[in-house]
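Engineer:
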Amino acid sequence: MTLFDELVAVTDPERVTDRPFDLHLHSADAGLRTGEATVVVFAETTEEVCDVVRLAARHGVPLVARGAGTGLAAGAVPTEGGIVLTLTRMNTISDIDPVNRTAWVGPGVINLDLSRATAPFDLHFAPDPSSQQACTIGGNIANNSGGPHCLSEGSTVNHILAIEMVMADGEVVILGGAAPDPIGLDLRGVVVGSEGTLGIVIRALVKLTPDPPEVRTMLCAFPTVEGAAAAVSGIIAAGVVPAALEMMDQGMLVAVENWLHAGFPTESAAALIAEVHCAPEAADAEVDVIREVAEQEGATEVRVARDEAERALIWKGRKSAFGAIAQTAPNYYLHDTVVPRTRLVETISEMYRIADDADLTMMNVFHAGDGNLHPLIAFDATEPGMADKVHAAADEMVAACVARGGVLSGEHGIGAEKRDLMGTVFTELDLDAQARLKHVFDPDRVLNPRKILPAGSRCFDYGGSPLPEGTWI
Ligand SMILES: Cc1cc2nc3c(=O)[nH]c(=O)nc-3n(C[C@H](O)[C@H](O)[C@H](O)COP(=O)(O)OP(=O)(O)OC[C@H]3O[C@@H](n4cnc5c(N)ncnc54)[C@H](O)[C@@H]3O)c2cc1C
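Here the sequence shown is numbered in the numbering used here, starting from 1 and rising by one per residue.
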């Protein structure tokens, strides 16, 4: 039997495909890189996932887990070919426990659907990526995703209590548990952010967060980007940690306004969206602190949303920002780097300098409170040499962030996109330790090979001898 026939035998002929159109669809994510899937399987049960993993191992074929494919770092791209295992049909939410504020969730549940399902209990899933209408909990766990409201609540890792996972040998394990601090090594923490390289997540026990009693959403307009960036540090230094603190520059404000008419201040160089979640008695005081700091940094307008409709429109504008770029250019490269908040001002200036020198159109919309930058380069990929120019500028931007004490990614992950930059932030020993961990989980390198760790990461093959050139983990 061929691999295809064996996959059909353990699942269903309707859910295994090698039709060119399906392979094409599953050979890319929302980023720029593409791969070549050999076959795509849509799993519906734990047993099917176990069987598919075992078949991949037996045939020595790479296996790439996939959620909604909204990733931007090529994590779900089958760069080495092989099986793309799509988990979107495993989308059951069960055991919603409003007292303990937890629920068991399938990997294919869409992020926003989880919060919709728990809304009757006045609870929600706090990590809210801007892609939350499409991305899945499995993808969120694998990428340790963040979102505008992760500033005060923390990213996905802070909201996952336990993970049920299929290991590379097809065995099922549960890592973590309902207890807030389970004993033993925190393997749950190891798996969150591992981008499908250590196992396939088939269920997770998620923490649910109470809806805030009072919400105030503010839009502050600034005549300079530097003023807006300085206000970000200033607000937090003044003792207020807003639930969200997002920044958009003029290019982005104009693009969104032309599309959605959200009332954004298009005359301004930048705007901050600040949202406070607090007790009703504290709301006015927190708003006043933010207003005061914003005005000190030169804000020309500080608006507080008057009602839920105005608040929703502000967030719709922010979360639809990437869609608005289609008016500017057919393609975009959305970057993801981090710098310490206190170095935002100089780093942002450097981002503009790099884009200007390369004659590229760049806009910014990002989670400013976390120092998590998202420079977005809009371009036309059909222009000869353009993609190379964009990638070169993007690499220069990462280097500028690393030089200022930053890291490679705040939330989109490393995937294939930044794999070869890992050596700029990790020593050989660091990479070796990570490669050994991968080896423990996946000794035959079946699960999402050639992601996260660059070639040669495993510098000593346990006996102490270096691995041959080009060896990958
Ligand atoms: C417009 C836009 C806005 C975005 N905004 C944000 C944002 O605000 N914050 C943010 O963090 N990200 C953001 N992203 C990136 C992306 O949406 C997130 O990384 C998201 O979590 C990916 O989920 P997905 O279901 O699409 O996963 P995919 O793209 O399908 O996969 C992502 C990674 O997860 C692995 N994976 C998927 N499911 C499983 C599983 N069950 N078990 C093991 N591994 C698995 C894949 O192998 C891959 O490595 C944005 C993307 C877009 C296009």
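Beta carbons: idealized from backbone N, C-alpha and C, even for Gly.
On the premise that alanine 255 lies in contact with alanine 324, defined as a C-beta separation below 8 Å, what is that separation, rounded to the nearest angstrom?
Structural biologist: That belief holds up - the Cβ atoms of alanine 324 and alanine 255 are roughly 4 Å apart, short of 8 Å.
Engineer: Would you kindly check if the distance between the Cβ of glycine 67 and the Cβ of cysteine 150 is under 9 Å?
Structural biologist: Cβ atoms of cysteine 150 and glycine 67: not closer than 9 Å.
Engineer: Under the assumption that alanine 274 contacts proline 265 (Cβ atoms under 8 Å), give the Cβ distance between them as a whole number of angstroms.
Structural biologist: No, alanine 274 and proline 265 are not in contact; Cβ-Cβ is about 14 Å, not under 8 Å.
Engineer: If you measure between the beta carbons of alanine 294 and cysteine 220, is that distance less than 9 Å?
Structural biologist: Taking 9 Å as the Cβ cut-off, alanine 294 and cysteine 220 qualify as a contacting pair.
Engineer: Taking its Cβ as the centre, do 16 or more other Cβ atoms sit within 10 Å of methionine 218, making it buried, or is it exposed?
Structural biologist: Burial call: buried.
Engineer: Can you check which of these residues, Glu48, Val446 and Leu25, is closest to alanine 9 by C-alpha distance?
Structural biologist: Nearest of Glu48, Val446 and Leu25 to alanine 9, Cα basis: Glu48.
Engineer: Indicate whether valine 240 and arginine 311 have their beta-carbon atoms separated by less than 9 Å.
Structural biologist: Their beta carbons are not under 9 Å apart, which means valine 240 does not touch arginine 311 by this criterion.
Engineer: Quick one: which unbroken beta strand (DSSP E) runs of 3-plus residues sit fully inside the stretch 234-282? Chain order, please.
Structural biologist: List check, beta strand (DSSP E) in window: 244-249 and 270-278.
Engineer: Does the beta-carbon of proline 20 have 16 or more other beta-carbons within 10 angstroms, so that it is buried, or is it exposed?
Structural biologist: Exposed, since its Cβ has fewer than 16 Cβ neighbours within 10 Å.
Engineer: On a Cα-Cα basis, can you pick out the residue from Asp430, Thr2 and Arg101 that is closest to alanine 179?
Structural biologist: For the residues Asp430, Thr2 and Arg101, the minimum Cα distance to alanine 179 belongs to Arg101.
Engineer: What would DSSP say about phenylalanine 121, mapped onto helix, strand or coil?
Structural biologist: In the structure shown, phenylalanine 121 sits in a helix (DSSP, three-state: H, G or I).
Engineer: So, using beta-carbon positions, are arginine 419 and glutamate 346 closer together than 9 Å?
Structural biologist: Not a contact, by the Cβ cut-off of 9 Å.
Engineer: For ligand 3, is there any heavy atom lying closer than 8 Å to the beta carbon of serine 457?
Structural biologist: Although ligand 3 was asked about, the structure shown includes only ligand 1 as ligands.
Engineer: So within the stretch 119-176, which uninterrupted beta strand (DSSP E) runs reach at least 3 residues, ignoring any that extend past its ends?
Structural biologist: Correct list: 160-166 and 172-176.
Engineer: Name the residue from Glu297, Ala321 and Gly176 whose alpha carbon lies nearest to the alpha carbon of glycine 234.
Structural biologist: Ranking the options by Cα distance to glycine 234, first place goes to Glu297.
Engineer: Suppose the cutoff is 6 Å on Cβ atoms and the five residues either side in sequence are ignored; what does the same chain contact list for methionine 362 look like?
Structural biologist: Excluding sequence neighbours, methionine 362 sits near Ala355, Pro375 and Ile377.
Engineer: Compute the distance between the beta-carbons of isoleucine 452 and threonine 197, then report whether it is under 9 Å.
Structural biologist: Taking 9 Å as the Cβ cut-off, isoleucine 452 and threonine 197 qualify as a contacting pair.
Engineer: So, is glutamate 286 buried or exposed, given that buried needs 16 or more other C-beta atoms within 10 angstroms?
Structural biologist: Answer is buried; the Cβ neighbour count reaches 16.
Engineer: Could you check whether the Cβ of proline 107 sits closer than 8 Å to any heavy atom belonging to ligand 1?
Structural biologist: Yes.
Engineer: Thinking C-beta only, is alanine 243 closer than 9 Å to valine 276?
Structural biologist: Cβ atoms of valine 276 and alanine 243: closer than 9 Å.
Engineer: Which partner residues of phenylalanine 379 appear in the DSSP bridge assignment?
Structural biologist: Asn331.
Engineer: Considering only residues of the same chain and omitting the five flanking positions on each side of leucine 360, which have a CB-CB separation below 6 Å?
Structural biologist: Excluding residues within five positions, the ones whose Cβ falls inside 6 Å are Ile377 and Ala393.
Engineer: With distances taken from CA atoms, which of Ala126, Ser457 and Trp259 is nearest histidine 159?
Structural biologist: Taking only the C-alpha atoms, the option nearest histidine 159 is Ala126.
Engineer: According to DSSP, which residues form a beta bridge with valine 424?
Structural biologist: Correcting the residue type first, residue 424 is threonine in the shown sequence and not valine. Answer is none; threonine 424 lacks a bridge partner.
Engineer: Can you give me the Cβ contacts of asparagine 143 inside the same chain, cut-off strictly under 8 Å, excluding the 5 residues immediately before and after it?
Structural biologist: Closer than 8 Å at Cβ, skipping near neighbours: Gly71, Ala73, Gly75, Thr156, Gly193, Glu195, Glu411, His412 and Gly413.
Engineer: On the criterion of 16 or more Cβ atoms from any shown chain inside 10 Å, does proline 13 qualify as buried, or is it exposed?
Structural biologist: Flag for proline 13 reads exposed.
Engineer: If we count Cβ pairs, one from each stretch, closer than 8 Å, do we get three or more for the stretch 39-54 versus the stretch 80-87?
Structural biologist: A contact exists between the stretch 39-54 and the stretch 80-87.
Engineer: For tryptophan 259, collect the residues of the same chain with a Cβ closer than 8 Å to its Cβ; drop the 5 residues on either side in sequence, then sort them by chain order.
Structural biologist: Ser320, Gly323, Ala324 and Gln327.
Engineer: Would glycine 456 be called buried (16 or more neighbouring beta carbons within 10 Å of its own) or exposed?
Structural biologist: Answer is buried; the Cβ neighbour count reaches 16.
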